[in-house]
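J.:
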Ligand SMILES: Nc1ncnc2c1ncn2[C@@H]1O[C@H](COP(=O)(O)OP(=O)(O)OP(=O)(O)O)[C@@H](O)[C@H]1O
Ligand SMILES: Nc1ncnc2c1ncn2[C@@H]1O[C@H](COP(=O)(O)OP(=O)(O)O)[C@@H](O)[C@H]1O
Ligand code: SF4
Ligand code: SF4
Ligand SMILES: [Mg+2]
Ligand SMILES: [Mg+2]
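Protein chains in written order, with the working numbering: chain A, 302 to 622; chain B, 251 to 591.
Structure, rendered in structure tokens:
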């Protein structure tokens, strides 16, 4: 198994009126070829900023202050801007929640996909169109040739998201970062896309970071999971293990609050309080004010414990079962 | 079963999108009609007994919110009627929503958009009861405090503005505002959809507590099947404007009868089943402007037969508690005959 993406100590800050806030705090993980890693967390936990940081798409007032992003062994942060640009799209590509972030409303799907091909490869226009059609077929778009002639507004939301995914696939990148790509879609369409993505990863060996707030999606799609809270990855491991026996009190609380696992009508176990403001984090473990296991020592930075295969950032992790 | 408090009788709602100026001119010349009619809700009948929470489930655009707005008196149905405790929900001659419909309160998805940003939360909650004279002026303050506490907020929060609250807290305020009207029926339209899971659990717990305390009757509109299973007694599944199946929640989830319901369940990822093999529904949701003839689900239905393409299935009772609109439950789809021929 080759490691397609390795993130080490990634830290991204935003300047605000009240000083710098750390949106991504010492984040490390790796994704192997042919695997899907679900990056889960609630809104504001830093998932999207992590994705943008990997892509090198952080703008003022934001800044990556530390860490490495290794795509197939090359540290993106060591590269000059044009070298970075040439890796983007070709070696690592991104899919956004809103496909219109990728698609140009005034161009036909075929024209814009062909342009995306020709940014990185010197091929004829008709060869580029052929590549575009193949990519649409790979993501399960029927009558791909006809869709190439369409403008984005003539397609349904689900179809547009497939086009965005197909565009990301054009150069067979080693890594795709997908930020909540099915969150705005209907369940039946989401189901179709998840099935296609799984098949695609198995066939092409692309590594995917699938960013989502939806644990159920991750548990049925991903091989691995990383759980974020207040900018940090608090638990990571295989999806099966983390879901079946979470060790971080936050992960436990999150899984417990999903309605599907409980007797209908029963009170749901709930995490008290709300997610903290980044500008106003408690000292030590940021989960402390909401944590049922907190003790005095939790006012100091918690250490990583567990194993490499199932790691947890906590002074008092739950027993491994 | 007790008498229904809400009765929805063969209700339809069509929206006509008028064409732009240019097309209108062209139409005048050619004698054509380019206006498009959206069939948002078609021939829906439901009844809700007092104290029941009825879930309305379906994918985007199937007519859930439109149905909720009809029940709340915001939209007038194109056909059919809605009664609350026997009284028609309708607009008066001046087009105002009848005073009666203050008895139905709606809670929306977006807790940010639904609260006036310049009003203090206490004023937001007191506004309705004040206008309708439900609470004597001297009692307003104490009532507001009591309501805030009832939804799990501090009474002192009455002096804050909406932006000083988190999403979950704002949704609690929206619930307090609705309860202040002492409604006979609540319509919750995707009320927890925009909340994070941990906050969603808090608001669902609050809702379940309140319904027990106050014996609330509610329409609970949601696209989230596991949320609906958790809080609803009975569920109606909608597809392209029609209710295709109604059943007690436990029976529905145990054994869906309508092919769309089964397909919907099959395409939803759930926690705890591990890496699922998805059985996604094929095809896309058709346009409500030109819904398919016959059974609207037939282009995507694995069991469709010739009869499905021409004849709209009737709603039939599958048991004393369940109903379903599918030819399979009503004499067959015709596929059997086709196979024999
Ligand atoms: N005021 C309106 N004018 C024209 N068309 C409308 C109007 N309101 C709703 N529609 C159309 O009616 C259909 C049903 O819409 P509705 O909002 O009830 O769907 P919904 O089930 O609530 O969907 P969602 O899950 O996306 O909220 C849609 O096709 C919609 O575009
Ligand atoms: N451009 C920005 N300026 C300041 N703060 C930002 C900016 N973008 C994101 N943040 C902050 O970074 C944190 C993480 O945001 P994000 O990664 O978007 O969260 P999510 O997990 O919901 O994707 C949030 O607190 C957010 O407010
Ligand atoms: S470090 Fe302490 S406060 Fe933080 S999650 Fe672990 S037990 Fe809870
Ligand atoms: S009526 Fe026919 S097409 Fe419609 S759901 Fe039943 S079997 Fe399928
Ligand atoms: Mg995000
Ligand atoms: Mg709606």
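Glycine included, each C-beta is placed from N, C-alpha and C at the ideal position.
Nearest chain A C-beta to residue 418 of chain B closer than 9 angstroms, yes or no?
T.: So yes, residue 418 of chain B belongs to the interface.
J.: Between which two residues does the beta strand (DSSP E) carrying residue 539 of chain A extend?
T.: Start and end: 533–539.
J.: Just the Cα atoms here: how many angstroms apart are residue 302 of chain A and residue 333 of chain A?
T.: Looking at the two C-alpha atoms, the distance is approximately 6 angstroms.
J.: Listed by chain order, which residues have C-beta atoms less than 7 angstroms from any heavy atom of ligand 5?
T.: That query returns the following residues: A:344, A:348, A:349, A:480, A:481 and A:512.
J.: Taking buried to mean at least 16 other C-beta atoms within 10 Å of its own C-beta, is residue 423 of chain A buried or exposed?
T.: It is exposed - the Cβ of residue 423 of chain A has fewer than 16 other Cβ atoms within 10 Å.
J.: Check the Cβ of residue 458 of chain B against every Cβ in chain A and list those closer than 9 angstroms, keeping chain order.
T.: Result: 566, 567, 568 and 569.
J.: Cβ of residue 551 of chain A within 8 angstroms of any heavy atom in ligand 3?
T.: True, at least one ligand heavy atom lies under 8 angstroms from that Cβ.
J.: Applying the 10 Å Cβ sphere with the 16-neighbour rule, what's the burial state of residue 323 of chain A?
T.: That one is buried.
J.: Could you give the first and the last residue of the continuous beta strand (DSSP E) run that contains residue 363 of chain A?
T.: It spans 363–372 - the beta strand (DSSP E) in which residue 363 of chain A sits, taken as one unbroken run.
J.: Measure the alpha-carbon distance for residue 408 of chain A versus residue 400 of chain A and round it to whole angstroms.
T.: Each residue's alpha carbon lies about 14 angstroms from the other.
J.: Note down the Cα distance separating residue 590 of chain B from residue 499 of chain B, rounded to an integer number of angstroms.
T.: With a pLDDT of 48 at residue 590 of chain B, under the threshold of 50, the predicted position of this residue should be treated as unreliable, though the coordinate-derived value follows. The alpha-carbon atoms of residue 590 of chain B and residue 499 of chain B are separated by roughly 37 angstroms.
J.: Measuring only between beta-carbons, confirm whether residue 446 of chain B sits less than 9 angstroms from chain A.
T.: At least one chain A Cβ lies under 9 angstroms of residue 446 of chain B.
J.: If you count every other CB in all the chains shown that lies within 10 Å of the CB of residue 263 of chain B, and 16 or more means buried, which is it?
T.: So residue 263 of chain B counts as buried.
J.: Could you check which residue in A:501, A:559 and A:387 has the C-alpha nearest to that of residue 335 of chain A?
T.: Out of A:501, A:559 and A:387, A:501 has the C-alpha closest to the C-alpha of residue 335 of chain A.
J.: Which residues of chain B have a Cβ atom closer than 7 angstroms to the Cβ of residue 459 of chain A, listed in chain order?
T.: Correct list: 534.
J.: At what residue ranges does the segment 378–403 of chain A contain a whole run of the alpha helix (DSSP H), taking only runs of 4 or more?
T.: The qualifying runs are 382–388.
J.: Is the beta carbon of residue 418 of chain A less than 9 angstroms from the beta carbon of residue 450 of chain A?
T.: Not closer than 9 angstroms, so no.
J.: Taking Cβ-Cβ distances below 7 angstroms as the criterion, which residues of the segment 423–447 of chain A are in contact with chain B?
T.: Here the close residues number zero.
J.: Just the Cα atoms here: how many angstroms apart are residue 542 of chain A and residue 416 of chain B?
T.: Residue 542 of chain A and residue 416 of chain B: Cα-Cα distance of roughly 32 angstroms.
J.: In terms of DSSP beta bridges, what is residue 307 of chain A paired with?
T.: Paired residue(s): A:331 and A:371.
J.: For residue 264 of chain B, which residues does DSSP report across the bridge?
T.: DSSP, once it has assigned bridges, lists B:289 as partnering residue 264 of chain B.
J.: Write down the C-beta distance between residue 480 of chain B and residue 560 of chain A rounded to the nearest angstrom, noting that I regard them as a contact closer than 8 angstroms.
T.: Contact holds; Cβ gap of about 4 angstroms.
J.: Count the other CB atoms within 10 Å of the CB of residue 413 of chain B; is the residue buried (16 or more) or exposed (fewer)?
T.: Residue 413 of chain B comes out exposed.
J.: Given this structure, state the Cα-to-Cα distance separating residue 473 of chain A from residue 486 of chain A, to the nearest angstrom.
T.: About 25 angstroms.
J.: Rounding to the nearest angstrom, what Cα-Cα distance links residue 201 of chain B and residue 306 of chain B in this structure?
T.: Outside the displayed span of chain B (251 to 591) sits residue 201 of chain B, for which this structure offers no information.
J.: Taking the Cβ atom as the reference point for each residue, do residue 376 of chain B and residue 390 of chain B lie within a distance shorter than 9 angstroms?
T.: In this structure, residue 390 of chain B lies closer than 9 angstroms to residue 376 of chain B by Cβ.
J.: Please work out which residues of its chain come closer than 8 angstroms, Cβ to Cβ, to residue 577 of chain B, disregarding the five sequence neighbours upstream and downstream, and give them in chain order.
T.: Contacts found: 545, 555, 557, 558, 561, 563, 583 and 584.
J.: Which same chain residues end up closer than 7 angstroms to residue 520 of chain A when comparing Cβ atoms and leaving out the 5 residues on each side of it in sequence?
T.: Correct list, in chain order: 540 and 544.
J.: Can you list, in chain order, the residues of the segment 512–538 of chain A whose Cβ is nearer than 9 angstroms to any Cβ on chain B?
T.: Under the 9 angstroms Cβ criterion, the segment 512–538 of chain A contributes 514, 515, 516, 517, 518, 519, 520, 521, 522, 523 and 524.
J.: Please report the distance separating the alpha-carbon of residue 460 of chain A from that of residue 309 of chain B.
T.: Roughly 16 angstroms between the two C-alpha positions.
J.: Mark residue 268 of chain B as exposed unless 16 or more other C-beta atoms lie within 10 angstroms of its C-beta, in which case mark it buried.
T.: Looking at its Cβ environment, which holds fewer than 16 other Cβ atoms inside 10 Å, residue 268 of chain B is exposed.
J.: Output, in sequence order along the chain, the residues in the segment 293–320 of chain B whose CB is closer than 8 angstroms to any CB in chain A.
T.: Answer set for the segment 293–320 of chain B: 309 and 310.
J.: Could you tell me whether the Cβ of residue 552 of chain A comes closer than 9 angstroms to any Cβ of chain B?
T.: Judged by the 9 angstroms Cβ criterion, residue 552 of chain A is not in contact with chain B.
J.: Residue 343 of chain A touches chain B at which residues, Cβ-Cβ below 9 angstroms?
T.: Correct list: 446, 447, 448 and 449.
J.: Is residue 387 of chain A near ligand 6, with its Cβ less than 8 angstroms from a heavy atom?
T.: No, ligand 6 has no heavy atom inside 8 angstroms of this Cβ.
J.: Taking only heavy atoms of ligand 2 into account, decide whether any of them is closer than 8 angstroms to the Cβ of residue 346 of chain A.
T.: Within the cutoff, so yes.
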